[in-house]
Each structure stands twice: as structure tokens, then as C-alpha cells.
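Report on the following structure.
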Amino acid sequence: MELDPTKRYSALNDLSNHFYTLYLVTRDLSVLERALGFSCQALELCPADDSSTRLRIKHYMAVYLEERFQRSDCAQDLEEVLKIRRELAAVTKGKDVHHKDALPFFYNLQNQIQLHDDDLEEAIILLRKSLALTPEGHWIKLKCLGALSMSVLLRYKRGGGIECQEEALELCRENVAAHGQYASGGAHCSAVDGLAHVFWIKGDYEEAFIHYEQAANMRYAHPRDRFIVTARWASRAMQAGHSSSLRAHTKALELLDQCLTSTPTIDLQHQFLTNNVSGSASDAAACAIEKEELEVAVQVLEQGRALLWSRMRSYRPSMEELQESHPGLAQEFKGVCQQLEHLTVSSEPDLPGMTPLPISTSPYAAHGADFDAKMTKNRQLSEDYERIISEIRQLEGFSSFLQATPFSTLQTAASEGPVILANVNKQRSDVIILREAEIPLLVPLPGHLHAIVDKLSSQWLSTASHIKRDEDRYGRMTGQRNLSDVLGTLWKEVCQPIAQALQKMGRPEGSRVWWCPVGRLGALPLHAAGIYNDKGVLSEGFPDLYVSSYTPTLSSLIASRARVVKGGSGPRLFAVGQSNSLPKVKDEFFKLRNLFPSHVLRVRDGERARSDTVLRDLRDHSWVHFACHGSLDASSPFKSGFILHDNKKLSLRDIMQARLPNAELAFLAACHSAAIESQSETPDEVLTLAAAMQFCGFRSIVGTLWTMNDSDGPVLTEKFYKHMLRNGLDHTDVRDSAEAVHLATKSMREAGVSLHRWTTFVHVGI
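Under our numbering, the residues of the sequence shown are numbered 53 to 818, in order.
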């Protein structure tokens, strides 16, 4: 039914509010733009004589513009906000605040910082007037109290005298007391945060951290509000060397997990991490190391990294023991987990490209309705999930079911060799070498390493972006020189001290080690660190000392070792390729046919390699070999994938949704299959194709950090599988895959192949 034209502007205003609510969850700027766009349309259609609605629309426009200013720092947005606020203040001057036209005139702290002194004084005057006009208990008074306290504090910071500081403190106390009467959730949390901030400015750190901790523990406030305050507490406590710093970091990681629990899909969870989290686990570990708590450092690195994979993995717990003793509860929990996983990996509406709604459409009939349904379903399922876990933990023998992994369990990741946890942080940089039966070993690294790693990441990103799969000439020139410099610096600053520590431990040369790098270090080829001459010949370095593997987390390595594949006497290999775009793939498959009997090998090439058939065949094979282009989408990592027939993509999301009962070994002869985007805001999430394969059950994965050369596929394939099959098809061991990659790349190196061609290949898993 068509809306009355005179009411369309009201519907548009409601629609703008709806999109702003959606923005507050997604933090997607395109959603904020839609909110602002609908608000502008509403104002344009609103009659001049409907002053009440026009003021309300302008107020919301100012809110949206303020938010956009905070995100984009556009001075024009700030000027427009000030213009609207002055207009609102002038119109409502002297009116009773209960009048429907009366709207608050207040500023966010972020905007105050940008104000000229005259504008700041104007804001303070108007806020004082608003307070005088507003009765006790009115929500406008609460807003004005907070804004006035921050405005007065800013005046103090600009040289306004100690009396400004004292007034700000008194206003903040009044603000906290007022909010405390109403237990107003996020607003109360924000008020206590403001009071803590004033104490911080005063230099009264004890009082500051008492109030930060109070805000962090407000259970009725949203986890996002509490996380933001707690992250500030952790940062400032660490800066001040305060005793609460480690407690603050631990609380921040706990709240971070709660934030993800309340966010329905993995895309939105990733957006939240991108916009709000930067190195939380690394900071916590640096703090723990500073306090000589190495076991705690290992735990927080595990707790705060690869959060999306960890959460998804918790939806696929091992249920054998529970199924045997309490089958009913096991089935109920399994059903909830499957529903949560399905909801989490479901696609989001493509908000930036949505078709504009007809003005006659109800604002709640938009794509946002689907989002609202997901939010409701997520809340219901999450409550069921927590309830059932609580019931399970009451059972004898299940008290630690799905709890944070204790150090004693994490230490078992080193059961087959040391795990190297490398943490590069602004505060300090260290390596923790995890050993099976001994306490962790600390290897301090240079204090300036954080800046070096940032530089190396940028330097190598620029070089790697020029490497093409079908040509080698770049690697013979600038690429080889740049990579040689990167590998040399990595050796001197990071890997040589580690190698020396391993040798001192008595770790024999030629044995295996596992890398678990933190942050941007994960984008660099640690396994190949060393000193190379102009021809790429290694004089000293890690490749001649140890066989390297990588693992995203300790838990993923432990889980891969624990998983037992049920099946026949030997592996079945499924090969997928696109020889029409990569001619050398035919040679690659020829090598495979010569090595594997036809009854254990299935090949899908060209038009036979479609995503649906590939996913189906993956379930029936324990080994898989991809020989195709890989696509790395840094902005939407779950759209990364393998390019199959007709340029159709088998995405990371598709792989995650697969359940592969026979998975053991994945050879990903595809570009970027193990690459962590070096400029990513969430490098610790390890959102790679190799990690997705590991999540789906593959215990060992061979991948690439950047574009591989097409001609290397057949050579590496033959050498790799010859080693894997050296004892016969019935006596293969997936654990041999790390050594197989090591020996195959060593032969390439000794044959004079360019540095960038052999260093791209890595091993992930057991």
C-alpha cells in the first residue's frame, strides 16, 4: 500500500534510524552512509511548517555526521555538525525541555578536540544553559553532564587552570551518581569511564584504575562498551607500570570473547575485530612476560588469537565421551552447535550494493529484517549453548568441558618438537619456546623489532605483488634482492637467536620445529631466514638447520594430532586443477598418474572441476591436491578461495561449511593459499585457505605465502609425493609431509631456482 505522501518523510526518518542501529552493530561505513542518505531525503520532503519533525531529523543528521567525522576525520562534517547544533540551540532556547521540539546540544569528546577555543567556550555556555533548564532525572541532563565534564576538562588541558580540572572531576562524580540511580547500562559504563579519565589526567592512577575496573565489571552494560573501557584500562595500566595491568589485559580478552558471542555472523565478527582489536593478545603476552609469567603469556596468546577459528571449532567439539555417557544431552548440544555454526557462516546481505527501497516500503521490511532475525536467533541459540554447557559441566568428569585451555594442555603441542611462539610488540619483543616436559624458554629479541617487522612487511608486500605465476624474470632482478634483504634481516634479528637457543637446548639439526608467529610476523617467511648471496646461495640460515612447520594456534596443532582418520589401508588422492589457464597443470597431473594407481586417484580438471562436484568429492578422499589460481580478498577474507571452472570460486566459506570425515593431507599448489595479508588489521585471525582446510579436518597442509611459479608445480609435486610414497602406498604417514616439502624445496634451492620460487612453499600442521 502506498504511503500518504505527507508521511513519507516520517518513514524515511524511521528508516535512517534503523540503518544507524544496524551500523552500530556492523561498524560498516556504507551502512552509515545509507542512514545519512535517508535522513537527507526525509529532511528534503518534510514540510517547512512541521518544525517538530524537521528538528528531530536534523538532530539525527548531526548524530550521523558526528559519527562519520570520528571515522573519516572530514572537517566539513564537523562544520556541518556545529551548524546544526547552533541552529537547534537557537530554536530551543528558553523552551521547556519536555517540549517535543527541545533537543540536546552536546558534543562528543572526539569532536571537542577539534574545536577552536571560541567554539569550545560556546559549547560550555550552551551546556550550562541546558543543565539549568533540565529537571533532575531527565535523560538530557545525563547527556549534558557527561559532555560538560569533558568540555571543562579539555579547557583545563588547554591551559584553563586547576579549577577547570576540579570542576570536571565534580561534574563526572555527579554524572556517575546520576547514572547509578538508573543502572543505565552503557551510559553508566561511559560515565565511570569519564571519571576514570579525569583521575588519569590528574595523575591519580590508583583512583583511575579503580574506576576503570569498576566499569569493566558492569555486567548489565554491553560487552562492547565494557571492552572499549577495559582496553583503555589495560593500555594505561601497562603504560604506568601498574599492578592491575595483567588483570586488565585478561579481562579484555574475556570481554572480547563475549563481544563475538553477541555478534551473529562470522563476517560481522570479523568486522568487529577489524574495527576494535589491534594486538590485544600480543599486548597481554608482553605484559605477562614483563611480570615473568611465561605460562600466562602462552595462555593469553592462545586465548586472544585466531578467535574466529576457535569459536567455530567450539561448535564442533569431540562428543564421544559425552555421547557414551549422556546421549540425550549430547544430541541436544550437537543440534544447537550445528545451528549456531550454520548461522555464523551464513552470508550477509551485500549492504553496499542494496537496491534502494521504495519510499512506500516499511522501514522494517528492509534487508535489516533478515539481520534482526539473525540477531534474535543468535541470542536464543547462544543462551541454549551456554545453558547446555553449564549442565554438562555439572556432570562427573566434565567439569572443564569447553573451558579455556590450561597451560598443561597447551604444552602438549610440543609433544613432537618445540613450538616457537614469536611475539613482536611495541613494548617488548620475545620468543617463547614451548617444550614438552620443561618450563617454557624465553628468548628476548631486540626492542626495536616492532618497527623492523613493520618495515619488512611493507617492503616484501611491495615486492610480492609484482610476482606473476607464469613468469620468472622479476625474481631474477629486484625481487630476489629484496627478498634476500628481508631474509637476512629476519635471520639476524629473529631467527638466529632462536636457532642458537634450540642448539643450546640440544635440539638436533634436521629435526622438526613448529612456528607460531604473532601479528605481522606471520606474513614473513621465517622458515627461510638466512644469509644469501646475489645468486640466492645460502651461506647460513634456518633451512640448513631444521625442518619448519607452521601452526595458527597450539590448539589446532593438538587437535590435528588427536584426530584419527578411519578408512582403508592407504590414502585416496583427489586432484583438482585448471589446466586451461595454467598449462603446466597437465604436467602436474601426469606426474600424479605415474605415482598413484588409478583406483586411488581421481582427477577433475577444467570444466569437470566445478565447486559443487569438488566439495562432494572432497568428502570421499583423504588427500587432496589443488592446482589452480588462488584468490586472496583482504577486505572480505571469507570470499578468498580457489578459482575453478568459468572463474567460479570455491570460497573459504564453502570450505568451512564442508564436513570432511576422511581429511588428512591437502597440497595447495595455488597462489596465496597460506598467505596472511601483511597489511591486514587482523593478522592474528590467520584467515587463510590453509587454515580453513585445517579447520575442516586436514591434519597437514602444504601451501604458499605468495604467487608460485607455474613451472614449479610439476617438479615440486613429483619430489613431494615420491617422498610420501617411498615406503609404499599402504605405509604412508601424513607426518612425513613436512620433511617432504623441506627436501623438495631444498632440491629446488640447490638447482639454483630463484629465492622467491622455493621460499613461498610452507607446511602447516602435524
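For every residue, glycine included, the Cβ atom is placed at its ideal position computed from N, Cα and C.
Got a sec, what are the start and stop residues for the beta strand (DSSP E) residue 601 sits in? Its beta strand (DSSP E) spans residues 599-602.
Evaluate contact between the region 61-72 and the region 100-120, counting only Cβ atoms and requiring at least three cross-stretch pairs below 8 angstroms. Yes: at least three Cβ pairs fall under 8 angstroms.
Out of 615, 139, 212 and 183, state which residue places its alpha-carbon closest to the alpha-carbon of residue 172. Checking every option, the nearest Cα to that of residue 172 belongs to 212.
Residues that residue 473 bridges to, as DSSP identifies them: Answer is 484 and 568.
Burial state of residue 112, where buried means 16 or more other Cβ atoms lie within 10 Å: It is buried - the Cβ of residue 112 has at least 16 other Cβ atoms within 10 Å.
For a minimum of 4 consecutive residues, which ranges assigned as the alpha helix (DSSP H) are wholly contained in the region 684-765? Correct list: 704-709 and 741-747.
In angstroms with no decimal places, state the Cα-to-Cα distance between residue 410 and residue 325. Note that residue 410 has pLDDT 36, beneath the 50 cutoff, so the model's placement of it is unreliable and the number below is only indicative. Between residue 410 and residue 325, the alpha-carbon positions lie close to 34 angstroms from each other.
Provide the residue(s) that pair with residue 813 in DSSP beta bridges, ordered along the chain. DSSP lists 756 as partners of residue 813.
Alpha helix (DSSP H) runs contained entirely in the region 605-682, provided each spans 4 or more residues: Taking only runs of at least 4 residues, the alpha helix (DSSP H) segments lying wholly in the region 605-682 are 606-614, 636-647 and 663-670.
Beta-bridge pairing of residue 496 - partner residues as DSSP gives them: In the DSSP output, where bridge partners are listed per residue, residue 496 has 482.
In DSSP terms, what residue 583 is bridged to: For residue 583, which the question treats as bridged, DSSP gives the partners 592.
Does the count of Cβ pairs from the region 638-645 and the region 684-700 closer than 8 angstroms reach three? The region 684-700 and the region 638-645 do not touch, with fewer than three beta-carbon pairs separated by less than 8 angstroms.
Going along the chain, which residues of its own chain have a beta-carbon closer than 7 angstroms to the beta-carbon of residue 304, five neighbours each way excluded? Here the set comprises 279, 282, 283, 286 and 332.
Where does the unbroken alpha helix (DSSP H) through residue 105 begin, and where does it stop? Taken as a continuous stretch (DSSP letters only), the alpha helix (DSSP H) holding residue 105 covers 103-124.
Please tell me whether residue 540 and residue 583 are closer than 8 angstroms, where the distance is taken between their beta carbons. It is a contact, given that the beta carbons lie within the stated cut-off.
Within the same chain, show all residues whose beta-carbon is closer than 8 angstroms to that of residue 593, passing over the 5 residues directly before and after it, in chain order. Contacts found: 539, 543, 547, 580, 581, 582, 583 and 584.
Report the three-state DSSP secondary structure of residue 576 (helix, strand or coil). DSSP places residue 576 in coil when its eight states are reduced to three.
I'd like the list of long-range same chain contacts for residue 537, defined as Cβ closer than 8 angstroms, with 5 residues on each side in sequence excluded. Within the same chain, Cβ atoms closer than 8 angstroms to the Cβ of residue 537 are found at 511, the five residues on either side in sequence being excluded.
Cα-Cα separation, residue 94 to residue 200: Rounded to whole angstroms, residue 94 to residue 200 spans 31 angstroms at the Cα level.
Within 10 angstroms of its Cβ, does residue 755 collect 16 or more other Cβ (buried), or is it exposed? It is buried - the Cβ of residue 755 has at least 16 other Cβ atoms within 10 Å.
Nearest-angstrom Cα separation, counted from residue 89 out to residue 794: Straight-line Cα distance between these residues: approximately 56 angstroms.
Looking only at its own chain, which residues have a Cβ that is under 6 angstroms from the Cβ of residue 781, when we skip the five neighbours before and after it? Counting only Cβ-Cβ distances below 6 angstroms, and skipping sequence neighbours, we find 622.
What is the rounded straight-line gap between the Cα of residue 123 and the Cα of residue 175? Rounded to whole angstroms, the gap between the alpha carbons of residue 123 and residue 175 is 22 angstroms.
Is the CB-CB distance between residue 900 and residue 673 below 8 angstroms? No answer is possible for residue 900: the residues shown for the chain start at 53 and end at 818.
Chain-order list of residues whose beta-carbon lies under 6 angstroms from that of residue 637 (same chain, five-residue window excluded): 629, 631 and 679, listed in sequence order.
Mind the definition here: the region 381-397 touches the region 436-446 only if three or more C-beta pairs lie below 8 angstroms; say whether that holds. Yes, since at least three Cβ pairs between the region 381-397 and the region 436-446 fall closer than 8 angstroms, the two stretches touch.
Three-state class that DSSP yields for residue 467 in the structure shown: DSSP places residue 467 outside both helix and strand once states are collapsed to three, so it counts as coil.
Whole beta strand (DSSP E) elements within the region 197-282, 3-residue minimum: Listed in chain order, nothing qualifies, since the region 197-282 has no complete beta strand (DSSP E) run of 3 or more residues.
Quick one: measure Cβ to Cβ for residue 789 and residue 776, integer angstroms, because I've assumed they're closer than 8 angstroms. Sure, about 7 angstroms apart at Cβ, within 8 angstroms.
Whole angstroms are fine: how far does the CA of residue 576 sit from the CA of residue 799? One C-alpha to the other measures close to 22 angstroms.
Which word fits residue 288, buried or exposed, when buried means at least 16 other C-beta atoms lie within 10 angstroms of its C-beta? Flag for residue 288 reads buried.
In the structure shown, what three-state DSSP assignment does residue 187 receive? Here residue 187 sits in coil by DSSP.
Helix or strand or just coil, what does DSSP make of residue 164? Note that residue 164 has pLDDT 49, beneath the 50 cutoff, so the model's placement of it is unreliable and no number is given.
Compute the Euclidean distance between the alpha carbons of residue 320 and residue 226, then round it to the nearest angstrom. Rounded to the nearest angstrom, the two C-alpha atoms are 37 angstroms apart.
For residue 121, which residues in the same chain have their Cβ closer than 6 angstroms to its Cβ, ignoring the five residues on either side in sequence? The beta carbon of residue 121 sits closer than 6 angstroms to the beta carbons of 129 and 130 from its chain, once the five residues preceding and following it are set aside; these are given in chain order.
By the DSSP assignment, the alpha helix (DSSP H) with residue 801 in it spans what residues? Its alpha helix (DSSP H) spans residues 789-802.
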